[in-house]
Amino acid sequence: MLLYYECGFSEDEIKIYEFKCTLCPYSAPTRSRLDRHEAKHVPDGVKRRRCAECPYVSKFSCDMRSHQEMHNMRGRFRCSQCSYSTKRAISLRTHLALHAEENDKRVR
2 MLLYYECGFS EDEIKIYEFK CTLCPYSAPT RSRLDRHEAK HVPDGVKRRR
52 CAECPYVSKF SCDMRSHQEM HNMRGRFRCS QCSYSTKRAI SLRTHLALHA
102 EENDKRVR
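Going by our numbering, the residue at position 100 of the sequence shown is 101; the numbering climbs one at a time, nothing skipped.
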């Protein structure tokens with residue numbers, strides 16, 4: 002864990018913002034900046050946030066929120082060949098390419 006003087010700023014440079022680090026005097030203007038700062042306090046290799054619905058893991062809560070939106074919007078794009086669904090069109094295109102590969106293998 003990093004101490005406040007190891008976070009890359011001096012006490013003279015500390016500005017007071019709404020989002021405050023609980024481990025050092027740092028504060029940030031946004032929640033996502035604080036999340037990124039707090040990741041400095043976590044030793045490398047330690048994962049902080051795990052998705053309850055899949056194996057996804059992130060050090061940053063802002064990334065986790067974005068990831069969980071995917072679960073909340075699940076089903077927007079549906080595969081016509083199986084029960085797969087996703088919120089992202091690009092993910093559906095990638096998935097459909099897998100069906101195409103399977104069909105090509107069967108034809109050969």
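Note that beta-carbon positions come from the ideal geometry of N, C-alpha and C, so glycine has one too.
CA nearest to the CA of residue i, picked from the options
{"i": "Met65", "options": "Arg50, Lys21, Tyr85, Cys55", "result": "Arg50"}
{"i": "Gly25", "options": "Glu19, His38, Cys55, Tyr57", "result": "For the sequence presented, residue 25 should be read as Cys rather than Gly. When only C-alpha atoms are compared, the closest one is His38."}
Classification of residue i by the beta-carbon crowding that lies within 10 angstroms, buried from 16 upward
{"i": "Leu4", "result": "Model confidence at Leu4 stands at a pLDDT of 46, short of 50, so the residue's coordinates are unreliable and nothing is read from them."}
{"i": "Thr87", "result": "buried"}
{"i": "Lys106", "result": "exposed"}
{"i": "Tyr27", "result": "buried"}
{"i": "Leu99", "result": "exposed"}
{"i": "Met2", "result": "Because the pLDDT at Met2 is just 44, under 50, the model does not fix this residue reliably, and the value given afterwards should be weighed accordingly. Exposed, by the Cβ-count rule."}
Beta carbon of residue i nearer than 9 angstroms to that of residue j
{"i": "Cys80", "j": "Leu93", "result": "yes"}
{"i": "His42", "j": "Cys22", "result": "yes"}
{"i": "Ser68", "j": "Ser59", "result": "The residue you asked about is not Ser; residue 68 is His in the sequence shown. Taking 9 angstroms as the Cβ cut-off, His68 and Ser59 qualify as a contacting pair."}
{"i": "Phe61", "j": "Ala40", "result": "yes"}
Neighbour flag for residue i against chain C, beta carbons, 9 angstroms
{"i": "Met65", "result": "Checking the listed chains, one finds no chain C in this structure; it contains a single protein chain."}
inquiry  = Ignoring anything shorter than 3 residues, give me the beta strand (DSSP E) runs that lie fully in the stretch 19 to 97, in order along the chain.
reply    = Taking 3 residues as the minimum length, the stretch 19 to 97 contains no beta strand (DSSP E) run wholly inside it.
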